[in-house]
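The block underneath contains the structure these notes are about, expressed in structure tokens.
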Amino acid sequence: MKYSLLILAAPDSPGNYQAYCFAKALLAAGHEIYRLFFYHQGVYSGNQLVATPQDELNLPAMWQSLCETEQLDAVVCIASAIRRGVLNSTEAERQQKPAANLANGFDLSGLGQWADALSHSDRIISFAP
Amino acid sequence: MPTLLLIIRHAPYHSALSREALDMALACAVFDIDISLLFLGEGVWQLSSQQQPTASKSIAKALQALPLYDIDKIYVDSNSLQQRQITAEQLPLSCELLTPQQLADFQASFDQVMVW
């Protein structure tokens, strides 16, 4: 089946790790992930500047690695991201900010991408904060 | 097009979540998704007409934009209202009340559900 996941939880909150584990389990069970959509505090998952202590999980790095390995379509909601300081270089320039921090493999885009995922997925699962 | 239910269980104002839930509902409507909203648990506080926030925009006022986007299928759990002593007459939007017994079948009648 085709699944799309809506991740609202911040990377240091249990919902985010649950989403990650669920994504891996889906792929292991042979399902397809149509899209990952990071919204609300989930947008922090796309911040490549996160450096967690050695004995803690670095969810942004884990998501980046998973998306790369499995070629997943990972969208970070642009409106949610900008107001929280997660920017790609285009937006950093547009917003006149000194740096960009969006990890490779994540696309900044709008809610239309989630609307599209709704119409193309058999199931959608939300991971609340 | 699948039918979508957005279940709102969170109180307003503790984060931008309420505002972003509304943005999501409006975006879905713009993309012609048949969306309904259900306010449940702490979520019913979003409908309280007594809101006078000082540090953010009023959620109750923002919710009044819903009918402008043709989002008129708005439901509230009557038990959640009763537990918080909010009467249906105090609601700023026209909502349909559901009893707890109706909730399971109601939720099952949708193709897709988001729970926040």
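First to last, the sequence lines map onto chains A and B. Just so you know, we're using the numbering used here here: the first sequence kicks off at 85 and counts up by one. Just so you know, we're using the numbering used here here: the second sequence kicks off at 4 and counts up by one. Backbone N, C-alpha and C fix where the C-beta goes; we use that ideal spot for every residue, glycine too.
Euclidean distance between Cα positions of residue i and residue j
{"i": "serine 97 of chain B", "j": "serine 51 of chain B", "result": "12 Å"}
{"i": "arginine 168 of chain A", "j": "isoleucine 91 of chain A", "result": "15 Å"}
{"i": "isoleucine 208 of chain A", "j": "glutamine 105 of chain B", "result": "23 Å"}
{"i": "phenylalanine 34 of chain B", "j": "methionine 27 of chain B", "result": "11 Å"}
{"i": "leucine 141 of chain A", "j": "tyrosine 123 of chain A", "result": "20 Å"}
{"i": "leucine 245 of chain A", "j": "aspartate 96 of chain A", "result": "The first residue shown for chain A is 85 and the last is 213, placing residue 245 of chain A beyond what the model contains."}
{"i": "glutamate 120 of chain B", "j": "glutamine 102 of chain A", "result": "Limits of chain B in this structure are 4 at one end and 119 at the other, which puts residue 120 of chain B out of reach."}
{"i": "alanine 107 of chain A", "j": "glutamine 115 of chain B", "result": "18 Å"}
{"i": "leucine 192 of chain A", "j": "valine 134 of chain A", "result": "18 Å"}
{"i": "glutamine 55 of chain B", "j": "glutamine 49 of chain B", "result": "12 Å"}
{"i": "alanine 165 of chain A", "j": "cysteine 105 of chain A", "result": "23 Å"}
{"i": "glutamine 179 of chain A", "j": "phenylalanine 190 of chain A", "result": "19 Å"}
{"i": "alanine 111 of chain B", "j": "proline 182 of chain A", "result": "48 Å"}
{"i": "leucine 66 of chain B", "j": "aspartate 139 of chain A", "result": "44 Å"}
{"i": "tryptophan 119 of chain B", "j": "glutamate 99 of chain B", "result": "20 Å"}
Exposure label - residue i; buried when at least 16 CB within 10 Å
{"i": "aspartate 80 of chain B", "result": "buried"}
{"i": "glutamine 93 of chain B", "result": "exposed"}
{"i": "arginine 119 of chain A", "result": "buried"}
{"i": "methionine 117 of chain B", "result": "buried"}
{"i": "leucine 9 of chain B", "result": "buried"}
{"i": "glycine 46 of chain B", "result": "buried"}
{"i": "glycine 196 of chain A", "result": "exposed"}
{"i": "glutamate 152 of chain A", "result": "exposed"}
{"i": "histidine 17 of chain B", "result": "exposed"}
{"i": "glycine 126 of chain A", "result": "buried"}
In DSSP terms, what residue i is bridged to
{"i": "isoleucine 209 of chain A", "result": "A:Leu89"}
{"i": "asparagine 131 of chain A", "result": "A:Leu186"}
{"i": "arginine 119 of chain A", "result": "A:Ser88"}
{"i": "alanine 65 of chain B", "result": "According to DSSP, which records beta bridges pairwise, alanine 65 of chain B is partnered with nothing at all."}
Neighbouring residues, chain A, relative to residue i (Cβ below 7 Å)
{"i": "glutamine 115 of chain B", "result": "Leu202 and Ile208"}
{"i": "leucine 41 of chain B", "result": "Those within 7 Å of leucine 41 of chain B in chain A number zero; the least Cβ separation is about 14 Å."}
8 Å Cβ cut-off: residues of chain B touching residue i
{"i": "tyrosine 123 of chain A", "result": "Glu23 and Met27"}
{"i": "leucine 90 of chain A", "result": "Met117"}
Of the residues the options, the one placed nearest residue i, counting alpha carbons only
{"i": "leucine 156 of chain A", "options": "A:Cys105, A:Gly194, A:Trp147 and A:Ile166", "result": "A:Trp147"}
{"i": "lysine 64 of chain B", "options": "B:Gly44, B:Phe42 and B:Leu25", "result": "B:Leu25"}
{"i": "alanine 68 of chain B", "options": "B:Met4, B:Ala107 and B:Ala32", "result": "B:Ala32"}
{"i": "glutamine 88 of chain B", "options": "B:Lys76, B:Leu71, B:Phe113 and B:Gln53", "result": "B:Gln53"}
{"i": "leucine 40 of chain B", "options": "B:Leu7, B:Ile62 and B:Ala14", "result": "B:Leu7"}
{"i": "isoleucine 36 of chain B", "options": "B:Thr90, B:Ser83, B:Tyr72 and B:Ile11", "result": "B:Tyr72"}
{"i": "alanine 187 of chain A", "options": "A:Pro137, A:Tyr128, A:Glu177 and A:Gly194", "result": "A:Tyr128"}
{"i": "proline 103 of chain B", "options": "B:Gln86, B:Trp119, B:Lys60 and B:Phe113", "result": "B:Gln86"}
{"i": "serine 61 of chain B", "options": "B:Ser83, B:Pro15, B:Pro5 and B:Phe113", "result": "B:Pro15"}
{"i": "leucine 84 of chain B", "options": "B:Phe109, B:Ala19, B:Ala58 and B:Leu43", "result": "B:Leu43"}
Residue i: contacting residues in chain A (beta-carbon distance under 9 Å)
{"i": "valine 47 of chain B", "result": "Ordered by position in chain A, no residue passes the 9 Å Cβ test against valine 47 of chain B, which lies about 17 Å from the chain."}
{"i": "leucine 7 of chain B", "result": "Leu202 and Ile208"}
Under 9 Å from the C-beta of residue i: neighbouring residues of chain B
{"i": "glycine 196 of chain A", "result": "Ala30, Val33 and Phe34"}
{"i": "proline 213 of chain A", "result": "His13, Ser18, Leu20 and Trp119"}
{"i": "serine 164 of chain A", "result": "Ala19, Glu23 and Asp26"}
Near the ligand SAH: residue i beta-carbon under 8 Å from a heavy atom
{"i": "alanine 109 of chain A", "result": "For the ligand SAH, the structure offers nothing, since it holds no ligand at all."}
Proximal chain B residues relative to residue i, where beta-carbon distance stays under 7 Å
{"i": "alanine 199 of chain A", "result": "Ala30, Cys31, Phe34 and Ile36"}
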